[in-house]
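Since the structure comes first, as structure tokens, the remarks are kept for the end.
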Amino acid sequence: MKELLITLLGKPFGIVIFQLLEATQFTIYLSLIAFAGGGLIGLTITLIRITPSRRNKAIASSYIWFFQSVPLLMLLFLLGLGVPRLLGLDINPWIAAGVALTLYASAYLSDVWRGAVEAVPAGQWEGGKALGLGFLQIVSLVIVPQAFRISLAPTVGFMVQIIKGSSLAYIIGFHDLMTVGKRWANAPVNGTEPFIVFPIMALIYFCLCFPLSVWSRRLERKLGGISERKPPEAA
Amino acid sequence: MELRFFEIYRNGDYLWLLAEGAGLSALLAVGGGLVGFLLAALLAACRFGKLPVLQHFAAGYVEFIRNTPLIVQLFFVAFGLPLLLGYRWPFWAHGLLALTLNFSAYFAEILRAGFANVPIGQIEAATALGIRRSLVFRKIIFPQAVAAMYPSLNSQFIFLFLTTGILAEIGVTDLTSAGLFIDSRTFRSFEVFITLTGLYILMALSFKAALNALNHRLFRWQTAK
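Protein sequence lines correspond, in order, to chains Z and Y.
My numbering puts the first sequence at residues 552 to 786.
My numbering puts the second sequence at residues 2 to 226.
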């Protein structure tokens with residue numbers, strides 16, 4: 552792969568492209584970790600949010616509000632620099648970045664899923680109750696199958712924001728596409744000037760994100776969105 | 002493990018630094034928001050217009066910005082463009098340009114949805130009255146789309162504001178960079194970033210309140226109906 556790129560593009564360009572693509576895998580891994588972790592916690596928060604208990608609702612809403620209001624950059628700094636200094640221990644960048652992005656993703660995903668659950672007509676809840684089903688039964692048998700369809704488009708759309716968000720992880724020493732690209736842009740090598748390397752990096756990110764955006768839009772057209780007012784996107 | 006916030010709060014220099022940084026952060030976000038909004042209106046007009054070249058350009062621009070991270074755009078604007086075109090600006094100007102370009106794409110996407118929802122009868126009526134196409138856009142479609150999309154634009158702006166801390170990476174002396182400086186002096190990282198987080202949330206809430214107040218002033222004609 553490396554040799555092929557070098558013969559095709561020459562030195563140093565082939566090496567740059569190879570290293571960028573190689574580092575892209577870590578961007579993808581981190582995004583997947585954040586999506587899986589955020590999905591798991593997000594699901595829990597959504598469940599807490601839709602229970603009839605008012606206290607549970609307040610707890611879940613505060614969680615969502617808080618982690619949507621904290622800038623992702625601050626989450627990264629807190630987990631990558633703040634907590635390690637406070638506790639006097641080393642935290643692996645994978646863990647710090649993974650946890651920060653997981654918390655970030657969990658708040659957004661649970662907000663999206665809450666919207667999807669609320670979009671299911673109230674009659675469905677009442678129908679379930681009338682049939683004598685319990686809360687968990689109504690949720691799993693009646694609500695989730697319907698909410699799942701509605702939430703698919705915004706969930707896929709949010710993956711774009713996780714990938715974009717993962718670009719900030721380099722700030723706490725996570726090794727990914729950003730780290731490698733920045734290093735080349737700073738290197739005094741001809742052909743790796745910032746105006747060449749950064750557009751290439753943008754293109755790589757675009758190739759990761761754009762298909763997901765298109766897929767999300769297709770799903771929305773097919774299955775319908777949650778509401779006319781979409782949740783805001785993060786850059 | 003011991004929390005020592007006083008090391009930050011009892012130092013007048015640090016507090017002043019934080020205030021200055023917060024001021025610059027707010028200023029750049031508002032500047033980027035305003036100019037970005039104008040650019041977004043222009044982009045939306047291009048998409049609404051009849052020239053296919055402009056339509057495609059606007060659509061492509063919006064897609065490209067929305068599908069790439071702000072930090073890469075910022076580095077390109079701050080380090081790539083000046084080297085390529087041979088100009089020198091202060092750090093904050095690079096930051097402002099990057100924010101403007103970034104914000105405009107997100108706003109344009111929201112405005113586009115707003116345009117799609119302006120009742121077609123309004124446009125037909127205006128055309129029937131012989132009003133020019135550009136005037137129809139400016140006086141009839143645009144105000145209604147903005148009024149309908151105002152809440153979305155607001156929350157989008159606040160979300161974008163929360164991403165501006167990244168400007169510290171190119172040397173802009175904003176709130177985050179003030180925090181990083183204090184961190185490098187005191188090594189109280191946890192306390193510093195908790196403080197920054199609180200300040201960012203406080204600023205976001207202030208923006209929200211201000212934008213809501215503006216809502217009542219700007220769109221009184223709409224609530225009257």
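Ideal placement from N, C-alpha and C gives every residue a C-beta, glycine not left out.
The structure displayed is predicted, hence computed values, not measured ones.
Where the alpha helix (DSSP H) containing residue i begins and where it ends
i	result
Z/Ile552	In the sequence on display, residue 552 of chain Z carries Met and not Ile. That residue, Z/Met552, is in no alpha helix (DSSP H); it is neither H nor E in DSSP.
Y/His217	190-219
Y/His228	The structure shown does not extend to residue 228 of chain Y, since chain Y is modelled only from 2 through 226, so no value can be given for it.
Z/Pro750	745-774
Z/Lys562	Counting along the chain, Z/Lys562 falls outside any alpha helix (DSSP H), and DSSP gives it neither H nor E.
Z/Met625	623-628
Z/Asp662	644-670
Y/Pro120	Where Y/Pro120 is concerned, there is no enclosing alpha helix (DSSP H), given that its DSSP letter is neither H nor E.
Y/Val137	Careful: Y/Val137 lies outside any alpha helix (DSSP H) and carries neither H nor E.
Y/Thr177	176-187
Y/Ser26	13-49
Y/Arg89	Note, Y/Arg89: premise wrong, no alpha helix (DSSP H); not H, not E.
Z/Asn607	605-620
Z/Ser702	695-717
Y/Phe76	71-76
Y/Ala169	Note, Y/Ala169: premise wrong, no alpha helix (DSSP H); not H, not E.
Chain-order list of residues whose beta-carbon lies under 7 Å from that of residue i (same chain, five-residue window excluded)
i	result
Z/Leu555	none
Y/Ile159	Ala205, Phe208, Lys209
Y/Ser153	Ile111
Z/Arg700	Leu774
Y/Pro144	none
Y/Gly33	Leu97, Leu100, Thr101, Phe104
Z/Leu571	Leu728, Val731, Gly732, Ile751, Met752, Ile755
Z/Ile596	Ala611, Tyr614, Ile615, Ser657, Ser661
Z/Gly742	Pro563, Phe564
Y/Tyr151	Asn216, Phe220
6 Å CB neighbourhood of residue i in its chain, flanking five on each side removed
i	result
Z/Gly588	Thr653
Y/Arg139	none
Y/Asp184	Ser190, Val193
Z/Ala647	Leu630, Gly631, Ile723
Z/Ile747	none
Y/Ser135	none
Y/Glu8	Thr187, Arg189
Residue nearest to residue i in terms of C-alpha spacing, selected from the options
i	options	result
Z/Trp645	Z/Arg636, Z/Gly631, Z/Ala656	Z/Gly631
Y/Ala126	Y/Val137, Y/Asn118, Y/Phe116, Y/Ala117	Y/Val137
Z/Ser717	Z/Leu623, Z/Trp766, Z/Asn643	Z/Leu623
Z/Ala651	Z/Leu626, Z/Val663, Z/Leu638, Z/Gly639	Z/Leu626
Z/Trp664	Z/Phe761, Z/Phe686, Z/Leu703	Z/Leu703
Y/Ala149	Y/Leu82, Y/Leu25, Y/Leu52, Y/Phe220	Y/Phe220
Z/Ala667	Z/Val690, Z/Gly679, Z/Tyr655	Z/Val690
Z/Arg734	Z/Gln619, Z/Ala574, Z/Ile596, Z/Leu559	Z/Ala574
Z/Arg772	Z/Ala720, Z/Pro705, Z/His726	Z/Pro705
Z/Phe618	Z/Tyr659, Z/Val634, Z/Ser582, Z/Ile584	Z/Tyr659
Y/Leu212	Y/Tyr10, Y/Pro70, Y/Leu85, Y/Leu35	Y/Leu35
Z/Ala673	Z/Gly683, Z/Gly685, Z/Val693	Z/Val693
Inter-residue Cα distance where the pair is residue i and residue j
i	j	result
Y/Leu98	Z/Ile723	26 Å
Z/Ile568	Z/Met729	13 Å
Y/Ile142	Y/Gly115	9 Å
Y/Val173	Y/Ala94	9 Å
Z/Leu759	Z/Gln712	11 Å
Z/Val765	Y/Gln56	18 Å
Z/Gly561	Z/Lys553	11 Å
Z/Ser613	Z/Gly565	49 Å
Z/Arg636	Y/Phe6	14 Å
Z/Ala785	Y/Arg133	37 Å
Z/Phe709	Y/Asn12	41 Å
Y/Gly81	Y/Ala179	25 Å
Z/Ile615	Y/Leu130	50 Å
Z/Lys680	Z/Leu719	46 Å
Y/Leu40	Y/Arg67	15 Å
Z/Gly590	Z/Thr558	43 Å
Y/Asn155	Y/Pro120	23 Å
Z/Tyr655	Z/Arg768	23 Å
Z/Leu583	Y/Leu71	20 Å
Y/Gly87	Z/Val634	42 Å
Z/Asn737	Y/Tyr10	37 Å
Cβ-based neighbour list, residue i, same chain, cut-off 8 Å, excluding 5 preceding and 5 following
i	result
Y/Ala225	In this prediction, Y/Ala225 scores a pLDDT of 48, lower than 50, which makes its location untrustworthy; the coordinate-derived value is nonetheless stated afterwards. Within the same chain, Y/Ala225 has no close Cβ partners at all.
Y/Leu200	Leu19, Ala23, Leu176
Y/Ala59	Leu44, Ala45, Cys47, Arg48, Ala109
Z/Ala698	Trp664, Ala667, Val668, Ala670, Val671
Z/Gln688	Gly679
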